[in-house]
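Under mature numbering (1 follows the signal peptide of the UniProt record, and there is no 0), the letters of the sequence shown match residues -23 to -1, 1 to 366, in that order. Take a look at the structure set out below.
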Amino acid sequence: MSLRRAALAVAALLALGCQSKPAGHPQRGAGAQVASPAAHTRQDAPVSAEQLEVLGALAAAADANPDDFAARKASGMAHMWATLGGGLDLRDRAEADLEAAFALDPSHRGLSRALGRFYNLRAVAGDSSKADMQVTVYAAHLGEAYDPETGEVDVDALDTSTFVAYSFFELGRILAAKNAGKLLDALRRVKALERALAERAAAHPDDVELRALAGNFSFFFAGNIPMDRERRVADAVASFEVLRARWGELTPRAKERKHCPNTYENFMFELAEGYAVLERGDEARAIYAELAAIDEPSSIAGERPRTRPRELIATVSRERLDNLDAYLGDMRLMPPWPSDAGNCVVCHAWQAEVGLGSLHAIDRDALVRDLLELPTQTELAPVFGTAPE
């Protein structure tokens, strides 16, 4: 690969929002095919009075005791879950409390894992301003496996949960390299991360969580690196086929009802989009049909709560079924919708709308209109956090 091509590839990938996506994708180019998000979606779910009361009490306790780790953590975690549930205007408060708690106790692994992953909310929206902090937080989470002098990580010493953290640690280093203008270093890290994911999955073929991780990164890279797209989609589909076949073995945390009510729909929609790109129409059709039947329990995932993301995914799936032949082989489906901030909301939200800025469709205006006008019958979101006494 020439240096010019390598630099172009990294720049395209690391924009994390537009220029690297396939030609014709809704997010390709400034203003191309997509209006301001405010024009077609509500990004913040209504927050119940009970939830606001809890958040207000937790924030007040944290403000009154700024050096109290427990108070900062409690407020930060509650605001984080409310943000991921669709209240995106709460992000900065969540970050402030979580970062303050991290400064008070960087050794708390639950906190560092949550804060590190929470920074992805910025990254998927093209905001790499917290990349250095993401690296710092994950370095603390990796503990003795990370050598600060060499910058190396003893990957073989990591269990699955810590390996997941390591992968996002590497994503943070990719973004930090991009911010420093070190594009070739960023490309090197991208390729190293892909190798590490492939090797880990091969060494642990029965680890379903690794398959989910590898598949998500492959879909992301397929939509954002302007080369080897089809190979990456095929890799992602292969990983997600294992995930679908062995859904019951996925870590309970990833499909817990209160915090992650839509994980199954999100992953299976991505798999269906992958099948469509690979022109495996019968397999895509079967999954789209399952997702469209929102009132029927899944033979794989069973009963799930009715949420706004599930309603939206069901409607998009019906549109895919109606136009499936036109979508076969269409790389503009990559990365799978939603690939902006909604990517962090779609698994967790109950009542929140999911951003439509990255949604590709044959008749995009008509589909967006249908989604905006879609009546909702969602269940009420649970309350996150407990108000201090």
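All C-beta atoms, glycine included, are put in the ideal place defined by N, C-alpha and C.
Legend entry - Close Cβ partners of K50 (< 7 Å) along its chain, the five nearest in sequence each way excluded: Sequence-distant Cβ neighbours of K50 in its own chain, meaning closer than 7 Å and more than five residues away, are A78 and L88.
Inset, instruction - Please name the residue in L310, W224, T353 and G332 whose C-alpha comes closest to that of P285. - result: It should be pointed out that residue 285 corresponds to Arg in this sequence rather than to Pro. Minimum Cα distance to R285 is reached at T353.
Inset, instruction - Ignoring anything shorter than 4 residues or poking outside the region 204 to 290, list the alpha helix (DSSP H) runs there in chain order. - result: Those alpha helix (DSSP H) runs which fall completely within the region 204 to 290 and span 4+ residues are 206 to 222, 240 to 254 and 258 to 269.
Legend entry - Any 3 or more C-beta pairs closer than 8 Å across the region 180 to 199 and the region 220 to 230: Segments in contact, yes.
Legend entry - Through-space distance from D342 to A16, alpha-carbon basis: With a pLDDT of 36 at A16, under the threshold of 50, the modelled position of that residue is not reliable, and no figure is offered here.
Legend entry - Cα-Cα separation, R295 to A36: In a straight line, the C-alpha of R295 is about 42 Å away from that of A36.
Legend entry - Sequence ranges, beta strand (DSSP E) only - wholly within the region 34 to 61, length at least 3: Runs of the beta strand (DSSP E) inside the region 34 to 61: none found.
Inset, instruction - Give the secondary structure of V322 by DSSP, where H, G and I count as helix, E and B as strand, and everything else as coil. - result: Three-state DSSP puts V322 in a helix.
Legend entry - DSSP-derived helix/strand/coil call for A16: Caution applies to A16, whose pLDDT of 36 falls short of 50 and renders its modelled position unreliable; the model cannot decide the point.
Legend entry - Cβ pair T137, A122 closer than 8 Å: Contact: no.
Legend entry - CB contact flag (L301, R262, <8 Å): Yes, Cβ-Cβ distance for L301 and R262 is below 8 Å.
Inset, instruction - State the start and end residues of the unbroken alpha helix (DSSP H) segment that holds S138. - result: Note, S138: alpha helix (DSSP H), T137 to N156.
Inset, instruction - Identify, in the order they occur along the chain, each residue of the same chain with its Cβ nearer than 6 Å to the Cβ of E176, setting aside the five sequence neighbours on each side. - result: Cβ neighbours of E176 beyond the five flanking positions: none.
Legend entry - Beta-bridge pairing of Y123 - partner residues as DSSP gives them: The partner list for Y123 (beta bridge, DSSP) reads V130.
Legend entry - Test item: CB-CB of L32 and A55 under 8 Å: At a Cβ-Cβ threshold of 8 Å, L32 and A55 count as neighbours.
Legend entry - Whole-angstrom distance between R281 and G149, CA atom to CA atom: Rounded to whole angstroms, the gap between the alpha carbons of G149 and R281 is 33 Å.
Legend entry - Reduced DSSP category for T353 - H, G, I as helix; E, B as strand; rest coil: Three-state result, T353: coil.
Inset, instruction - Pair every Cβ in the region 207 to 219 with every Cβ in the region 264 to 277, then say whether three or more of these pairs are closer than 8 Å. - result: No: fewer than three Cβ pairs fall under 8 Å.
Legend entry - Burial state of T363 (16 or more Cβ within 10 Å): With fewer than 16 other Cβ atoms from the protein chains shown falling within 10 Å of its own Cβ, T363 counts as exposed.
Legend entry - DSSP-derived helix/strand/coil call for Y115: Reduced to three states, the DSSP call for Y115 is helix.
Inset, instruction - Please classify K107: does DSSP put it in a helix, a strand, or coil? - result: In the structure shown, K107 sits in coil (DSSP, three-state: anything other than H, G, I, E or B).
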